[in-house]
Structures are given as C-alpha cells and as structure tokens.
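Residue numbers (my numbering): 1 to 91.
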C-alpha cells in the first residue's frame, strides 16, 4: 500500500472514531491527525514529533505487540493500519 492509501485509511479511521464519539478533531486538525493522536493516547505513548508515517505506525505496532504479547518480529505500517481499521470496523 502506498502512503496516500495508508493516509486515506487513517483518515477513514479518524472519521469512524468521530462517529463513535471517541475523538473530536480540534480546529485546524484533520481526521488523520485526530486518529493518530487517539491511538497514541490509548496506548499511553507519546507521539513522535517530526517522524515519518512509517516510523509513527511502527511505534504503534510495537505497542500493540507488547500489549497483546504477540511474537511477531515487527508489524509493518500497512499491518498496523489494517489492524486498527478492523478493530474499529472501518470499511
């Protein structure tokens, strides 16, 4: 998946989180940013500033693996986005 499609999925996730009333995008912030902020908050992590999308999603992937005691060596960015999209039932 290219970065554009990945960002679109994260944006859709942000819209879904808004529908579920789990997050509210602040003025000037996108659904994408709101979704990432929410996910980092849920996993009690500080969102890396200035990091690229790949690094941000890898950080979330590591948190998911630790929380659920998964034995994967790592989750790639696409897998992380797909995981959260399935968890919050984003189409």
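A virtual CB, placed ideally from N, CA and C, is assigned to each residue, including glycine.
Check your understanding: Do you know offhand how far residue 23's Cα is from residue 35's?
Key -> 8 Å
Which same chain residues end up closer than 7 Å to residue 12 when comparing Cβ atoms and leaving out the 5 residues on each side of it in sequence? Setting aside the 5 residues that flank it on each side, residue 12 is surrounded in the same chain by 90, each with a C-beta closer than 7 Å to its C-beta; the list follows chain order.
Problem - Residues near residue 81 in its chain [Cβ-Cβ closer than 7 Å; skip 5 each side] - result: 6, 9, 10, 57
For this session: Return helix, strand or coil for residue 41, following the three-state DSSP convention.
Result: In the displayed model, residue 41 falls within a helix according to three-state DSSP.
Query - Euclidean distance between Cα positions of residue 54 and residue 87 - result: 20 Å
_Helix, strand or coil for residue 47? Go by DSSP, reduced to three states._
It is coil, neither helix nor strand.
Checklist entry - What residue from 63, 39, 25, 72 has the CA that sits closest to residue 85's CA? => result 39
Using the Cβ count rule (16 or more neighbours within 10 Å means buried), how would you classify residue 52? exposed
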